[in-house]
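Asks: Heads up, the sequence shown is in the working numbering, so the first residue is 4 and it goes up one at a time. The C-beta atom is built at its ideal place from N, Cα and C for all residues, glycine as well. If you're wondering where the values come from, they're calculated on a predicted model, not measured in any experiment. Structure in structure tokens, see below.
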Amino acid sequence: MRYEPCPKSGRDVEGHGLRWGPHGDGCFRCAVDFVLARFGGDPNCECRALAGPFCIPCEARADSWNEDGDSPLGIFQATLPPYRGLARLYAGLAGCWTVQKESGIFSFHRSKEVAALRLLASARTDPLAFDAALFLVADCVRFSSEVPKPLREWAFYAITGQIERPRQKGKYPAALIWRDEAIVNLVQDVRRVVGLHATGSGDSGGESACAAVAEGLRLLRLQPDSYTAIKRIWLSRNRLRKGPRFTESFDPGNPDWPDPSADLIHDA
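See below:
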């Protein structure tokens, strides 16, 4: 059965805007609309009720939001083997750091040189760092940009099979960490914006924030999509595992590190 969006919730899907008026307070359908909108989804489209892939406009909109960094879609896709999306996320994370200025304001920085040094320090023992380093090289080749010097010789030996990928036991430990964090953030946002209680009574959760997130993920065909699973992640939010840590920490004051001011990782 097609999901009927709330006719009174103010939304601007095409413009990436969310306009939630007084009617959004406590409205379950507004909450589900909000979850769909966070992923670039349009609850008014019939394709969600049909078998097969979503329609081209919905797919294009979701991909656009994902590339712009406005959607957690990439985090959910990264939980699925062969984890190519996870390697991309890890490569981006490796090149990020924050600096606190004297005024107390934090500035955010990204650098592929820093990413290369961090990933190489971990690639000998971490299969995810190995895959992320290869992704970084491929990203540079794709956009005709210079491959960071630390990666050049390593990439030659890795691509030609002279350096073996570290053995991996089971799933990536990080595969579900970022997804669970994204789910917790979705529940928190639904509580803050729409005004629903986090959990409800019964197996379905009633009209709670966790139930709204579960329904939104079901419509988006993402996992997990049950109230029980979302509630479990929410209730264990203070015990969530931490994301992977790099062997080498970046110190912007260390003269041995390169100046990353003009060396950004591609967003595409």
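How many Å lie between V38 and L123 at the Cα?
Replies: Going by the C-alpha atoms only, they are around 37 Å apart.
Asks: Tell me which same chain residues have a C-beta within less than 6 Å of the C-beta of S148, skipping the five on either side of it?
Replies: Here the set comprises nothing.
Asks: Grouping DSSP H, G and I as helix and E and B as strand, with all else coil, what is C99?
Replies: Here C99 sits in strand by DSSP.
Asks: Select from S106, F111 and V140 the residue whose C-alpha is nearest the C-alpha of L120.
Replies: Of S106, F111 and V140, the residue nearest in Cα terms is V140.
Asks: Note down the Cα distance separating T128 from D134, rounded to an integer number of angstroms.
Replies: About 12 Å.
Asks: Measure the CB-CB distance between A94 and A132 and report whether it falls below 7 Å.
Replies: The answer is no: Cβ separation not under 7 Å.
Asks: Out of P153, K152 and F138, which one is the CA nearest neighbour of F146?
Replies: If we check each option's Cα against that of F146, F138 comes out closest.
Asks: Could you name the residues of the same chain whose beta carbon sits closer than 6 Å to that of V150, not counting the 5 residues immediately before and after it, in chain order?
Replies: The answer, listed in chain order, is V140 and C143.
Asks: Where do the N-terminal and C-terminal ends of the alpha helix (DSSP H) with R168 fall, by residue?
Replies: That residue, R168, is in no alpha helix (DSSP H); it is neither H nor E in DSSP.
Asks: Report, in whole angstroms, the separation of the C-beta atoms of V1 and A201, which I expect to be a contact under 8 Å.
Replies: Given that the chain is displayed from residue 4 to residue 271, the structure contains no residue 1 and the question cannot be resolved.
Asks: Tell me the residue span of the alpha helix (DSSP H) that contains R244.
Replies: Here R244 belongs to no alpha helix (DSSP H), and DSSP marks it neither H nor E.
Asks: Could I get the ranges of all uninterrupted alpha helix (DSSP H) runs contained in the region 178 to 220, with 4 residues as the minimum, in chain order?
Replies: 180 to 197, all fully within the region 178 to 220.
Asks: Among A185, F57, Y160 and C58, which has the Cα closest to the Cα of P227?
Replies: It is A185 whose Cα lies nearest to the Cα of P227.
Asks: Judging by CA-CA distance, which residue of Q171, R170, A126 and V216 is the nearest neighbour of P153?
Replies: Closest option to P153, Cα to Cα, is A126.
Asks: Decide if R32 is buried, meaning its Cβ has at least 16 other Cβ atoms within 10 Å, or exposed.
Replies: Buried: at least 16 other Cβ atoms inside 10 Å.
Asks: Per DSSP, what kind of secondary structure is R224 in: helix, strand or coil?
Replies: DSSP places R224 in coil when its eight states are reduced to three.
Asks: If the criterion is Cβ atoms closer than 7 Å, does the pair L89 and A81 meet it?
Replies: Contact: yes.
Asks: Is the CB-CB distance between S211 and G203 below 7 Å?
Replies: Yes, Cβ-Cβ distance for S211 and G203 is below 7 Å.
Asks: Answer with buried or exposed for C61, where buried requires no fewer than 16 other C-beta atoms within 10 angstroms of its C-beta.
Replies: Answer is buried; the Cβ neighbour count reaches 16.
Asks: Whole angstroms are fine: how far does the CA of Q171 sit from the CA of I233?
Replies: Whole-angstrom Cα-Cα distance: 28 Å.
Asks: R127 by DSSP, collapsed to three states: which one?
Replies: Reduced to three states, the DSSP call for R127 is coil.
Asks: Which residues does DSSP pair with F109 in a beta bridge?
Replies: Paired residue(s): Q103.
Asks: For the alpha helix (DSSP H) that contains V150, what are its first and last residues?
Replies: First-last for V150: undefined, no H or E at that position.
Asks: With distances taken Cα to Cα, identify the nearest neighbour of R194 among I180, A214 and C48.
Replies: That would be A214, whose Cα lies nearest to the Cα of R194.
Asks: May I ask you to report which of helix, strand or coil DSSP gives G43?
Replies: Here G43 sits in coil by DSSP.
Asks: In or out: F42 buried (at least 16 other Cβ within 10 Å) or exposed?
Replies: Buried: at least 16 other Cβ atoms inside 10 Å.
Asks: Could you please give the first and the last residue of the uninterrupted alpha helix (DSSP H) stretch that includes F79?
Replies: Where F79 is concerned, the enclosing alpha helix (DSSP H) stretches over L76 to Q80.
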